[in-house]
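Peer 1: I have a structure here, written as structure tokens, and I will follow up with some questions on it.
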């Protein structure tokens, strides 16, 4: 557990020491903020609903860019050998890197609370919905981080890891919008697999255990698979 | 202290390490010697728990790498080949990270890091990113991280590979100093390095141990081998030179090592055991109009036994 925390701290330092982190955060805030505020005044509602509607797709591009290097770079550089010959398991390394990526993603999403503060000054904002939406965003980001880590464990090439993670994240983000193409018996199971469905439930302010189980299972399955791949790949 | 029992590693159908058996006592400096691709790195990776053996086991102080990998890793410091470090981290931050991972208490970390920096000559570069350091300095940072927690066993994979002669001497000096109080296992394909640094040499080829003994024992083995003589002559044709030399009673076989037409050619002559063959060779060459530039017996170094034992792989 301690080892995972040390790895997490090291990875967070790596993120925040490099200017790339600030560029990624700035670009994300700029694009998501512009997309949100460009239509905000048309609706004449003090709500962040539109912002959170965009989040599953926008994070599907940004988070793979953050996670692509996590394991692929270690393995291509050879430092993976150094790391795994320290008294630490591959599982602890994966857990540490996952926590760091999730904290970084949370730091990227947190300025939305500043948007909420600005909107509350001009209208009557439902803060409970804002907080559940924010919590849902973190769960969604954690799931994408786990998927990104899984993609990064599959290859030593960061670009391949990025594309693979982006495709997987994008797929679960838009799955619910493609259900009308699917045969009727598949609609229900596939709608359960769609991240957007679960995220939008939480974003509405509904805390349902099914949605929490969904995100928890997604994180666990992706991290377990990444660990399994790392254990068997050497 | 270390018992390696039937250690085997397959990559698909390829057998990289084949039933290696080795016992290493406390305080020994063991050199794992072999040509490239002999299985040295794979053996060290299994020894340090980085890869799982296909068969066999490594037992360190009674702890198996299969069942107690973390405990075994705590006993070892490891420097992988080419010291793969984190280039963006400062040397100090990197050693600090390793100290945390190795469970060194926060209060004693600065002291331990300062000691290692002093031992490895890193005081001047601790504030620099690892990626900005020269190859020799990176190697020293790698050595410092391996020794940081004062492990009982040090495993060094090709510690001087890619370094210039001055850096090699410095790294060897550090290994000698730390080897005085620890069990050290180092792999190398440089014979002089194994001779200079190790008490015991294990020669590996094609994943198997083909010789194991002290430097002295291996030297004695070379004495039992057919003696060789090296010649450098000018003005001769190879066929004529070969015929002349192989007609001598003391010569078994002549082999062309190097030729630079119209310059001299270098020949290695395998001789029969017995008295020094050089007077007979000299007398034969004297009868011709060739210029004899060199006639010597190569020193009886490990090179002879290494070439002899790994001849098939070298060819």
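Chains as they are written, first to last, in our numbering: chain S, 24 to 257; chain G, 2 to 316.
We put the beta carbon where it would ideally sit given N, CA and C, even for glycine.
Every value quoted in this text rests on a predicted model; they were computed, and no experiment measured them.
1) Which residue comes first and which comes last in the beta strand (DSSP E) that contains residue 16 of chain G?
2) Since residue 229 of chain G contacts residue 270 of chain G with CB under 8 Å, what's their CB separation in whole angstroms?
3) What whole-angstrom Cβ distance do residue 59 of chain G and residue 48 of chain G have, given they're in contact under 8 Å?
4) Would you mind listing the beta strand (DSSP E) stretches within the region 201 to 265 of chain G that are 3+ residues and don't spill past its ends, in chain order?
5) Using DSSP with H/G/I as helix, E/B as strand and the rest coil, what is residue 105 of chain G?
6) Please classify residue 209 of chain S as buried or exposed, where buried requires at least 16 other C-beta atoms within 10 Å of its C-beta.
7) Taking all protein chains shown into account, do 16 or more other C-beta atoms lie within 10 angstroms of the C-beta of residue 297 of chain G, making it buried, or fewer, making it exposed?
8) Look up residue 154 of chain G in the DSSP assignment and give the residues it is bridged to.
9) What does residue 33 of chain S reach in chain C if we use C-beta pairs closer than 7 Å?
10) How many Å lie between residue 194 of chain S and residue 248 of chain S at the Cα?
11) Kindly give me the distance between the Cβ atoms of residue 6 of chain G and residue 55 of chain G, rounded to whole angstroms, as I take these residues to be in contact under 8 Å.
12) In this structure, does DSSP put residue 192 of chain G in helix, strand or coil?
13) Is the number of C-beta pairs between the region 70 to 83 of chain S and the region 45 to 62 of chain S that are closer than 8 Å three or more?
14) Counting only C-beta atoms, is residue 26 of chain S closer than 9 Å to chain G at any point?
15) Output needed for residue 134 of chain G: all residues of its chain with C-beta closer than 8 Å, excluding positions within five of it in sequence on either side, in chain order.
16) I'd like to check one pair, residue 97 of chain G with residue 110 of chain G: are the Cβ atoms closer than 9 Å?
17) Scan the region 104 to 118 of chain S for residues whose Cβ lies nearer than 9 Å to a Cβ of chain G and list them as they occur along the chain.
18) Pick helix, strand or coil for residue 314 of chain G, following the three-state DSSP scheme.
19) Would you kindly work out how many angstroms separate the C-alpha atoms of residue 113 of chain G and residue 250 of chain S, rounded to a whole number?
20) Output the distance between the C-alpha atoms of residue 73 of chain S and residue 169 of chain S, rounded to the nearest integer angstrom.
21) If we cut at 9 Å on Cβ distances, does residue 39 of chain S have a partner in chain G?
22) By the 10 Å Cβ neighbour count, where 16 or more other Cβ atoms means buried, how is residue 221 of chain S classified, buried or exposed?
23) Could you check whether residue 138 of chain G and residue 123 of chain G sit closer than 9 Å to each other, using their CB atoms as the reference points?
24) Name the chain S residues that come within less than 7 Å of residue 50 of chain G, Cβ to Cβ?
25) Run down chain G in chain order and give the residues with a C-beta less than 8 Å from the C-beta of residue 102 of chain S.
26) Scan the region 101 to 131 of chain G for residues whose Cβ lies nearer than 8 Å to a Cβ of chain S and list them as they occur along the chain.
Peer 2: If we stick to the structure as given:
1) 15 to 25
2) 7 Å
3) 5 Å
4) 201 to 206, 209 to 215, 229 to 235 and 252 to 260
5) coil
6) exposed
7) Around the beta-carbon of residue 297 of chain G, fewer than 16 other beta-carbon atoms lie within 10 Å, marking it exposed.
8) G:77 and G:184
9) Chain labels in this structure do not include chain C; the protein chains are S and G.
10) 18 Å
11) About 13 Å separates the CB atoms of residue 6 of chain G and residue 55 of chain G; that is not less than 8 Å, and the two are not in contact.
12) helix
13) yes
14) yes
15) Within the same chain, residue 134 of chain G has close Cβ partners 92, 126 and 142.
16) yes
17) 104, 105, 106, 107, 108, 109, 110, 111 and 112
18) Because the pLDDT at residue 314 of chain G is just 47, under 50, the model does not fix this residue reliably, and the value given afterwards should be weighed accordingly. Helix at residue 314 of chain G.
19) 33 Å
20) 25 Å
21) no
22) buried
23) yes
24) Under the 7 Å cutoff, chain S gives 108.
25) 85, 86 and 87
26) Within the region 101 to 131 of chain G, those residues whose Cβ lies closer than 8 Å to any Cβ of chain S are, in chain order, 101, 102, 103 and 104.
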